[in-house]
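Letter by letter, the sequence shown follows residues 5 to 326 in the working numbering.
A short write-up of the structure that comes next.
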Amino acid sequence: MPEAFPLLITAPSDHVGKRLDQFLASQLGSVSRARVQQLITEEKVLVNGTVAKASLKLRGGERITVLGETHRPPLKAMAEDIPLDIIYEDDDLAVINKPAGMMVHAGAGATEDARNRGTLVNALLHHFGRLSVVAGELRPGIVHRLDKETSGLIVVAKHDEAHRKLSAQFAARAVKKKYVTLVHGWMKNNSGTISQSISRDPVQRMRMTTRLEGGRSAVTHYSVARRVDSKFGKFTLLDIKIDTGRTHQIRVHLSAMQHPVVGDTIYGAPKQARGKSAAISLSRNFLHSAGLEFRHPRTLEMISLKSELPQELQEFLRKVED
Numbered sequence: 005m006p007e008a009f010p011l012l013i014t015a016p017s018d019h020v021g022k023r024l025d026q027f028l029a030s031q032l033g034s035v036s037r038a039r040v041q042q043l044i045t046e047e048k049v050l051v052n053g054t055v056a057k058a059s060l061k062l063r064g065g066e067r068i069t070v071l072g073e074t075h076r077p078p079l080k081a082m083a084e085d086i087p088l089d090i091i092y093e094d095d096d097l098a099v100i101n102k103p104a105g106m107m108v109h110a111g112a113g114a115t116e117d118a119r120n121r122g123t124l125v126n127a128l129l130h131h132f133g134r135l136s137v138v139a140g141e142l143r144p145g146i147v148h149r150l151d152k153e154t155s156g157l158i159v160v161a162k163h164d165e166a167h168r169k170l171s172a173q174f175a176a177r178a179v180k181k182k183y184v185t186l187v188h189g190w191m192k193n194n195s196g197t198i199s200q201s202i203s204r205d206p207v208q209r210m211r212m213t214t215r216l217e218g219g220r221s222a223v224t225h226y227s228v229a230r231r232v233d234s235k236f237g238k239f240t241l242l243d244i245k246i247d248t249g250r251t252h253q254i255r256v257h258l259s260a261m262q263h264p265v266v267g268d269t270i271y272g273a274p275k276q277a278r279g280k281s282a283a284i285s286l287s288r289n290f291l292h293s294a295g296l297e298f299r300h301p302r303t304l305e306m307i308s309l310k311s312e313l314p315q316e317l318q319e320f321l322r323k324v325e326d
C-alpha cells in the first residue's frame, strides 16, 4: 500500500466501464483486488467525495480518494509439510540448504493469499515446531535472508537468545559468507572490491540501485575462479565474499559493473545467453550461498559449513563449458 494518505487518483478516459475495485487494484501495485474490496467495504474509498460500491462502473474523470489501509488481523506464519535439506542442527540453531524458488518468508499482508505458502518459514515451523520470535510472527527463526532465486546456506535460530547472539555477529560483520556466481562477460580484474551504497529504486520499488546518494553502505569482494569463452558468449565464474548483507547486494553490485548474474533479468541479464549460433537460458539466478562460518551462540565454537552447487547450476555450467 502507498505510504502517504489520502491518496488521490483521477480515473482516465481509457478506463471507462471498468469496475471501481478492478481499476484500483490495477493502480495500487501489489495490492490484491480482495484487499481493495475490503477498503471499499470499510468506506475508505471515496468517489467524487462520496462512499461508493466496488461494482461502480467508471465513466472517466472521477476523483477517487483512498483514505487509508485496511484493518487486518495479526499476521502469523503457519506450519506446512515441506521437505528441508538440513545441513546442521542442534538445540540452538539449524543451517538449511535452501533451494532456488523458495521465499524465506512471506511479506506483510501476504497471510491471506498464496504467498504465505511454500516458504522456508512454513517448512521450518513444521519440522522444528518452536523457533525464535525476535523477528516477529511472520519470520520466526529468521536471522538473515536469501533472495527467492538464490540457493544455499541460511542459518535459523531456535530460540531468542540464540537469535540475538547470531544477529550480533551479523551486525558486527563477524560472519563469513561465501557465494558462487556466474556472470555475463569477462571481469577485467582477477579480483577486486565493490564499495557502492545501495538504495531502493524510487521508480521500480522492487529493485535496488547504486545510482543514488545517501544509500546504505555495502561491500562486496570478488575473485575470478575461471573465465569461460563459449558458443553462448563469454562468462566469468566468481567467488564472492560480502561484508554487509544489503537487499540484492551481490546482484546490484555486479550489475553496476556491467556484469549481471546469469538468469537475473531484473538486473539486466538477457533472458537467453546468445552466441553466433546457439542460445541457452537459466530459469533461476546463478547465485549460490556456498559457505557460512560463524561462532556457535552458546559454545562459541567456530562452525564452518559448505554447500556444493545444486544440480541445475552444475548442469548449466557444464553446458557452457563444453
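All C-beta atoms, glycine included, are put in the ideal place defined by N, C-alpha and C.
Since the structure is predicted, the reported quantities are computational estimates derived from the model, not experimental observations.
TODO: Mind listing, in chain order, the continuous alpha helix (DSSP H) runs of no fewer than 4 residues lying wholly within the stretch 201 to 227?
DONE: As summarised for the stretch 201 to 227, there are no continuous alpha helix (DSSP H) elements at least 4 residues long confined to that stretch.
Open item on the list: What would DSSP say about N126, mapped onto helix, strand or coil?
Closed with: Here residue 126 corresponds to residue number 122 of the sequence shown, with the count starting at 1. N126: helix per DSSP, three-state reduction.
Open item on the list: By DSSP's criteria, I100 is part of a beta bridge. Which residues make up the other side?
Closed with: Within the sequence shown, residue 100 is the residue found at index 96, counting from 1. Beta-bridge pairing links I100 to I90 and I158.
Task: Where V49 sits in the DSSP three-state scheme - done: The residue given as residue 49 occupies position 45 in the sequence shown. Residue state, collapsed to three classes: strand.
- [ ] Would you kindly work out how many angstroms separate the C-alpha atoms of E312 and A294, rounded to a whole number?
- [x] Mapped onto the sequence shown, residue 312 falls at position 308. Mapped onto the sequence shown, residue 294 falls at position 290. Between the alpha carbons of E312 and A294 lies a distance of about 6 Å.
Open item on the list: According to DSSP, simplified to helix, strand and coil, what is R322?
Closed with: As a first step, residue 322 must be located in the sequence shown, where it is residue number 318. Correct three-state label for R322: helix.
TODO: List the endpoints of the continuous beta strand (DSSP E) containing H188.
DONE: Taking the first residue of the sequence shown as position 1, residue 188 is located at position 184. If you look at H188, you'll find it in the beta strand (DSSP E) that goes K180 to H188.
TODO: Report the three-state DSSP secondary structure of H148 (helix, strand or coil).
DONE: Walking along the sequence shown from the start, residue 148 turns up at place 144. Looking at H148 - three-state DSSP - the assignment turns out to be coil, as it is neither helix nor strand.
- [ ] State the DSSP-derived secondary structure class of P16, mapped to helix, strand or coil.
- [x] Position 12 of the sequence shown, counted from the first residue, corresponds to residue 16. The three-state reading of DSSP puts P16 in coil, since its state is none of H, G, I, E or B.
TODO: Taking V228 and F239 to be in contact with their CB atoms under 8 Å, please state how far apart those CB atoms are, rounded to whole angstroms.
DONE: In the sequence shown, residue 228 corresponds to position 224, counting from 1. In the sequence shown, residue 239 corresponds to position 235, counting from 1. So it is not a contact: roughly 11 Å between Cβ atoms.
- [ ] Buried or exposed for L258, please, with buried defined as at least 16 other CB atoms from any protein chain shown within 10 angstroms of its CB.
- [x] Residue mapping note: residue 258 aligns to position 254 of the sequence shown, counting from 1. With 16 or more Cβ atoms within 10 Å of its Cβ, L258 is classed as buried.
Task: Contact check, T248 vs A222, beta carbons under 7 Å - done: On the sequence shown, position 244 is the one that residue 248 refers to. On the sequence shown, position 218 is the one that residue 222 refers to. Yes, the Cβ-Cβ distance between T248 and A222 is below 7 Å.
Open item on the list: I'd like the ranges of any alpha helix (DSSP H) spanning at least 4 consecutive residues and lying wholly in the stretch 241 to 307.
Closed with: For the stretch 241 to 307, whole alpha helix (DSSP H) runs of length 4 or above, ordered along the chain, are 253 to 260.
- [ ] List the endpoints of the continuous beta strand (DSSP E) containing S335.
- [x] Here the chain covers residues 5 to 326 and nothing more, so residue 335 does not appear.
TODO: Out of L309, L60 and T269, point me to the one whose CA is closest to I90's CA.
DONE: The sequence position of residue 90 within the sequence shown is 86, counting from 1. Nearest Cα to I90 within the set L309, L60 and T269: L309.
Open item on the list: My output table needs one value for S30: the three-state DSSP class, helix, strand or coil.
Closed with: Position 26 of the sequence shown, counted from the first residue, corresponds to residue 30. Collapsing the DSSP output to three states places S30 in a helix.
TODO: Determine which residues share a DSSP beta bridge with L71 and list them.
DONE: Here residue 71 corresponds to residue number 67 of the sequence shown, with the count starting at 1. Paired residues: none, contrary to the question.
Open item on the list: Tell me the rounded alpha-carbon separation between D205 and R39.
Closed with: Translated into positions along the sequence shown, residue 205 becomes position 201. Translated into positions along the sequence shown, residue 39 becomes position 35. Within the model, the alpha-carbon separation for D205 versus R39 is close to 25 Å.
Open item on the list: Closest to G65 by C-alpha separation, out of A58, M82, L24 and A81, would be which residue?
Closed with: Within the sequence shown, residue 65 is the residue found at index 61, counting from 1. Measuring from the Cα of G65, the nearest candidate turns out to be L24.
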